[in-house]
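Numbers 6 to 368, taken from the working numbering, label the letters of the sequence shown in order.
Where is the CB? At the ideal position from N, CA and C, for every residue including glycine.
This report concerns only the one structure given below.
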Amino acid sequence: MTSETGAPAPTRVELLGLPAARLAAALAPVVDRPFRVRQVYDALYRRGETEFDAMTDLSRELRRVLAERCSVTLPAVADRRQAADGTTKLLLRLADGATIEAVDIPESRRRTLCISSQAGCGLACAFCVTGFWGAGRNLTAGEIAGQVILLRRLLDLPPTLNLVFMGMGEPLLNLEAVRDALEVLGETISHRRITISTAGVVPGIEALGRWPRRPNLAVSLHAPDDERRERIMPINGSYPLADLFAALRRYPLEPRRRITFEYLLIEGFNDAPRDADALARRLAGLPAKVNLIPLNPDPVLPDWMRRPVEARVDAFRARVERHGLTATVRRQRGHDVAAACGQLRAFGRDPRAPRSRMRGVGR
Ligand code: SAH
Numbered sequence: 006m007t008s009e010t011g012a013p014a015p016t017r018v019e020l021l022g023l024p025a026a027r028l029a030a031a032l033a034p035v036v037d038r039p040f041r042v043r044q045v046y047d048a049l050y051r052r053g054e055t056e057f058d059a060m061t062d063l064s065r066e067l068r069r070v071l072a073e074r075c076s077v078t079l080p081a082v083a084d085r086r087q088a089a090d091g092t093t094k095l096l097l098r099l100a101d102g103a104t105i106e107a108v109d110i111p112e113s114r115r116r117t118l119c120i121s122s123q124a125g126c127g128l129a130c131a132f133c134v135t136g137f138w139g140a141g142r143n144l145t146a147g148e149i150a151g152q153v154i155l156l157r158r159l160l161d162l163p164p165t166l167n168l169v170f171m172g173m174g175e176p177l178l179n180l181e182a183v184r185d186a187l188e189v190l191g192e193t194i195s196h197r198r199i200t201i202s203t204a205g206v207v208p209g210i211e212a213l214g215r216w217p218r219r220p221n222l223a224v225s226l227h228a229p230d231d232e233r234r235e236r237i238m239p240i241n242g243s244y245p246l247a248d249l250f251a252a253l254r255r256y257p258l259e260p261r262r263r264i265t266f267e268y269l270l271i272e273g274f275n276d277a278p279r280d281a282d283a284l285a286r287r288l289a290g291l292p293a294k295v296n297l298i299p300l301n302p303d304p305v306l307p308d309w310m311r312r313p314v315e316a317r318v319d320a321f322r323a324r325v326e327r328h329g330l331t332a333t334v335r336r337q338r339g340h341d342v343a344a345a346c347g348q349l350r351a352f353g354r355d356p357r358a359p360r361s362r363m364r365g366v367g368r
């Protein structure tokens, strides 16, 4: 588009997701006084206000100029499903048409939002439906923070929220955007209530360790040895367990914090008592807790990947605890609307479509 003079028409500057310094730079041509920047910052990130017109502490004229020159874009809701257990899954459409999912998980004493860091995922873990659909792209900080702002607006959420990066994507492969998003979300959610879950991206763990305010770290381990881990998580070829655990041992945990190890239980693959012993040996000496996740089934997963029966899960947990570790079992939430872990696929897609990414995976 060009204006009458032939010069390109100014495109609007997207403000959502910009941390304080970059927001100030973006607003410099528009506002004259620093405290005005602060007012916009507070409106966006403390109050979750995304309409300039509603920022009534700003002058009418400034609101008009902002609306003309800047934009604040939230994801659009493409679909919304509520499970019998109260879990709500939202399919969100981003400005370029990419779709992601965000899940609201009400529990008796806390409320957790599970959000996405990428649209799709390139890691191709054999058990995960998101990876089945292939790579995709990094989300921007605004698209990450926007999920929380949007869910707060749509759902009746309490002020105190827990946030987990366990939706679509690998957060440590999108570090800059995640960092900016956490900075602005930090206005309303303490970093101590935020958990980043990683498939084990070692350079990302090292980078995270240098952040001044670090969220909780969860690591998707899923197998106690390289041989089995690589069969279900191709990323283990790039970052084998020795490298992963070396990075974790160096990781500067905040006081009284532990690293969460997520361990998927797959029947007959990694759920034997000796696997529990091997897992405990791996974690020896680390401030660790274990979160056991009985596999959530899905039609696109290989046939041999089955969820162990409850007694088997309980026995595994007891066995891990015998080594002095804390182990919890992640209850399956929202499975009737495919909102459970590993089921985030941007719903509406045909689950029987051929799976090109899964060659060579099996036991
Ligand atoms: N990429 C990050 C964030 C995604 S987290 C990571 O790998 O940690 C999603 C969590 O759900 C991970 O622990 C993942 O391993 C787990 N998950 C994936 N597929 C699953 C399935 N079919 N059943 C249960 N949990 C699954």
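To the nearest angstrom, how far is it from the Cα of residue i to the Cα of residue j?
i	j	result
R368	G290	A caution first: R368 carries a pLDDT of 33, below 50, which makes its placement in the model unreliable, though a value can still be read off. Taking the straight line joining both Cα atoms gives about 31 Å.
R317	L284	16 Å
T203	V224	5 Å
R362	R74	Per-residue confidence for R362 stands at a pLDDT of 40, beneath the threshold of 50, marking its modelled position as unreliable; the derived number appears in the next sentence. Approximately 43 Å between the Cα atoms of the pair.
L23	P278	49 Å
R354	V206	Any answer about R354 is weak, because its pLDDT of 49 lies below 50 and its placement is not dependable; what the coordinates show is given next. The straight-line gap from Cα to Cα measures roughly 29 Å.
F132	I210	23 Å
F274	P229	11 Å
M6	M60	Low confidence applies to M6: its pLDDT is 46, below 50, so where it sits in the model is not reliable, and the reading given next is rough at best. Looking at the two C-alpha atoms, the distance is approximately 29 Å.
V314	V134	21 Å
D319	D282	14 Å
G172	H340	14 Å
L329	V295	The displayed chain sequence assigns Gly, not Leu, to residue 329. Their backbone Cα atoms lie some 11 Å apart in a straight line.
I271	R236	13 Å
P39	R218	26 Å
D161	R312	33 Å
P307	T16	47 Å
S113	L67	44 Å
P257	W216	10 Å
T331	I105	33 Å
N221	R261	11 Å
V35	D231	55 Å
E19	A48	15 Å
R234	I194	34 Å
N301	D90	16 Å
D37	A29	10 Å
L32	A293	44 Å
E267	V70	49 Å
L226	L269	8 Å
Q44	L249	43 Å
F137	V305	8 Å
P359	D303	In this prediction, P359 scores a pLDDT of 39, lower than 50, which makes its location untrustworthy; the coordinate-derived value is nonetheless stated afterwards. Going from the Cα of P359 to the Cα of D303 covers about 14 Å.
Taking 6 Å as the cut-off, is the C-beta of residue i nearer than that to any heavy atom in the ligand SAH?
i	result
E175	yes
S121	no
I298	yes
M238	no
F132	yes
S243	no
E112	no
E267	yes
S202	yes
N301	yes
M60	no
S76	no
S225	yes
So residue i and residue j are supposed to be a Cβ contact under 8 Å. How far apart are they, rounded?
i	j	result
V325	Q87	About 34 Å; that fails the 8 Å criterion.
L190	L168	7 Å
D84	L96	4 Å
E192	Y50	4 Å
A72	F57	5 Å
L144	Q123	6 Å
P163	R116	5 Å
G147	G125	At roughly 18 Å, the Cβ-Cβ gap does not stay under 8 Å, so G147 and G125 are not in contact.
A107	L118	7 Å
I149	V183	7 Å
L297	V334	5 Å
L213	L246	Rounded, the Cβ-Cβ distance is 19 Å, inconsistent with contact.
L79	G151	5 Å
T92	R338	5 Å
Y46	A26	Not quite, the Cβ-Cβ distance comes to about 10 Å (not below 8 Å), so this is no contact.
For residue i, which residues does DSSP report across the bridge?
i	result
N301	Per DSSP, none; premise fails for N301.
Y268	L297
V108	K94, C119
D84	L96
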